[in-house]
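Note that the numbering used here has the sequence shown beginning at 2, numbered continuously upward. For glycine and all other residues, C-beta sits at the position ideal for the given N, C-alpha and C. Notes follow once the structure below has been shown.
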Amino acid sequence: MADPLNKDSVAECLNAINSLVSNEIKYYLLLILKAISKENTEKNRLIAAEIIQLCNVLSEFLDPEIQDHDHLTLIQSHYQNLSELSGAYTVAVEVGYALINLGSALLGFITGVLGALIGGVAGLFRAICTLNNPFYFLADGLVTGMSVGGAIGFRAPKKLFKDELTRQLRYALNGVSECMDKMTAQINLPFSYFEDKVRQEILVNNFNNDKQAFERFLEDETSFKVVTRSAQFLSENLEGYLGHHAQIIIDLPNQITPTLIEFAPESDEIDTRPFSQVEEPERRVSGQKLVEMIAFHQLLWQTEECDIGYVLTKMKGGENDCFSYVNKVLIGTNQDATSLRRFDDTENWVGRNIVGFFVQRLSPFSQEVFDTPNIGCDCS
């Protein structure tokens with residue numbers, strides 16, 4: 002078994018990532034580090050060093066007091082170096098991926114149709130057994146069967162025929178590239194804008210403009226919860242089939258309804274269903290950290306709003322979903338990722354042995370990828 006990457010190199014890399022202001026790119030850089038930390042090879046050492054160089058330039062670019070746009074050229078240069086070192090974008094890899102993607106698309110279409118048929122029949126059968134409206138269950142079965150079947154067919158060839166490390170690096174580097182595109186196009190307002198906005202909202206709404214009480218809140222230790230509820234996706238009839246939906250729950254002072262950080266459509270209705278998992282112990286942080294988390298959630302929402310377009314084009318169970326969103330918020334604010342699970346074997350037979358099995362096996366990274374604490378994180 003190969004030796005893991007040197008601990009000092011990993012720690013230095015993590016400190017460089019954690020030194021960045023809250024930004025989605027930290028999530029993908031940490032995934033790259035997780036992928037290369039398994040083996041202490043020359044290639045992986047060079048990638049780790051390049052991550053540090055990229056973080057140094059990003060730190061200056063993301064600083065609102067500096068934000069020198071000339072840094073964009075340097076950022077692109079370091080990203081190009083990372084791409085070349087990874088070997089994930091060579092001509093041979095690109096040709097292989099194109100062929101695999103073509104096969105994946107065809108297989109995904111076939112398994113999607115089969116999944117829809119099986120799901121529709123299963124939905125009708127369940128409706129008959131429970132004496133419920135067959136049309137609702139038929140629709141739920143068709144949509145879920147098509148989605149799950151299509152996802153299995155589309156991902157299976159990639160898992161079977163692609164090198165695991167190359168697939169992981171390519172996935173994470175694509176995420177880094179998307180984050181850089183957002184920076185370049187200036188889609189997002191700077192994080193400091195959202196931080197100031199949230200501070201002002203809490204000062205006015207929760208402390209009635211009492212600045213002394215507000216400052217004490219920012220400095221004092223408080224807590225928040227990371228929880229899950231059984232995922233329902235499009236319908237409550239799907240509960241038990243799709244694993245768990247992750248949420249961060251923040252109880253701010255003088256506020257009746259808690260603040261939720263989650264990847265879900267905005268709604269005025271309060272979900273009163275019981276929690277399916279609760280992270281223990283509760284996380285203890287400063288009030289300032291809560292402000293950062295809420296602000297980062299608002300920043301992410303500029304480009305990752307959970308609408309039908311995003312769900313259809315970008316959402317992928319196990320890759321880009323409610324759990325990855327919660328982890329982006331936690332990692333983006335220099336905290337450890339959640340220890341909760343998308344699938345924890347409490348689902349029904351279908352959810353556990355079919356949906357859960359394939360989502361976990363066919364994703365680029367396992368759901369345990371962040372189990373090792375983020376060395377050097379500042380959770381204050």
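### Query
From the DSSP output, which residues share a beta bridge with Ile262?
Bridge partners of Ile262: Ile249.
### Query
Alpha carbon to alpha carbon, what distance is there between Leu108 and Asn349?
27 Å
### Query
Since Arg362 and Lys160 are thought to touch, with beta carbons under 8 Å apart, how far apart are those beta carbons, to the nearest angstrom?
7 Å
### Query
For Thr1, does the three-state DSSP call read helix, strand or coil?
The structure shown does not extend to residue 1, since the chain spans only 2 to 381, so no value can be given for it.
### Query
Excluding five sequence neighbours on each side, which residues of the same chain lie with their C-beta closer than 6 Å to the C-beta of Asn102?
none
### Task
Please say whether Asp4 and Asn41 have beta carbons closer to each other than 8 Å?
Yes, the pair counts as a contact, with Cβ atoms nearer than the cut-off.
### Task
Would you kindly check if the distance between the Cβ of Val286 and the Cβ of Lys35 is under 8 Å?
no
### Task
Please go through the same chain and pick out, in chain order, the residues whose beta-carbon is closer than 6 Å to the beta-carbon of Ser381, but skip the five residues on each side of it.
Legend: pLDDT at Ser381 = 47, less than 50; position of this residue unreliable, value from coordinates given subsequently. The residues are Ser287.
#### Entry: Thr145 burial status per 10 Å Cβ neighbour count (16 or more: buried)
buried
### Task
Let me know if Ile129 comes out buried or exposed under the rule of 16 or more other beta-carbons within 10 Å of its beta-carbon.
exposed
#### Entry: For Glu283 and Leu224, the rounded distance between their alpha carbons
At residue 224 the sequence reads Ser, which differs from the Leu that was named. Going from the Cα of Ser224 to the Cα of Glu283 covers about 6 Å.
### Message
Under 8 Å: do the segment 117-136 and the segment 319-329 share three or more Cβ pairs, one atom per stretch?
### Response
Contact fails: fewer than three Cβ-Cβ distances are below 8 Å.
### Message
One question on the structure: do Phe366 and Leu32 come within less than 8 Å of each other, judged by their Cβ atoms?
### Response
yes
#### Entry: 8 Å contact criterion, which Val149 and Val312 should meet: CB distance rounded
The pair is not a contact, with the Cβ atoms about 14 Å apart (cut-off 8 Å).
### Query
In angstroms, rounded to a whole number, what distance separates the CA positions of Ser87 and Leu59?
20 Å
### Task
Please list, in chain order, all residues of the same chain as Ile262 whose beta carbon is under 6 Å from its beta carbon, the five residues on each side excluded.
Ile249, His298 and Val330
### Query
Can you list, in chain order, the residues of its chain whose CB lies under 8 Å from that of Asp272, leaving out five sequence neighbours each side?
Arg230
#### Entry: Validate contact between the segment 181-198 and the segment 21-30 using beta carbons, cut 8 Å, 3 pairs
yes
#### Entry: DSSP-derived helix/strand/coil call for Phe324
Phe324: helix per DSSP, three-state reduction.
### Task
Starting from the C-beta of Tyr28, find all residues in its chain whose C-beta is less than 6 Å away, skip the five residues before and the five after it, and write them out in chain order.
Lys329 and Ile332
### Message
On the CB-based measure, 16 or more other CB atoms within 10 Å of its CB, does Ser78 come out buried or exposed?
### Response
With fewer than 16 Cβ atoms within 10 Å of its Cβ, Ser78 is classed as exposed.
### Message
Can you check which of these residues, Ser277, Ile203 and Lys212, is closest to Gln256 by C-alpha distance?
### Response
When the alpha-carbon of Gln256 is set against those of Ser277, Ile203 and Lys212, the nearest one is in Ile203.
### Task
Check Ser224 in the structure and name its three-state DSSP category.
strand
### Environment of Val388 [buried if 16+ CB atoms lie within 10 Å]
Nothing in the structure corresponds to residue 388, since the chain is present only between 2 and 381.
### Query
Cβ of Val292 within 8 Å of Cβ of Glu196?
yes
### Query
Nearest-angstrom Cα distance between Ala232 and Leu243?
6 Å
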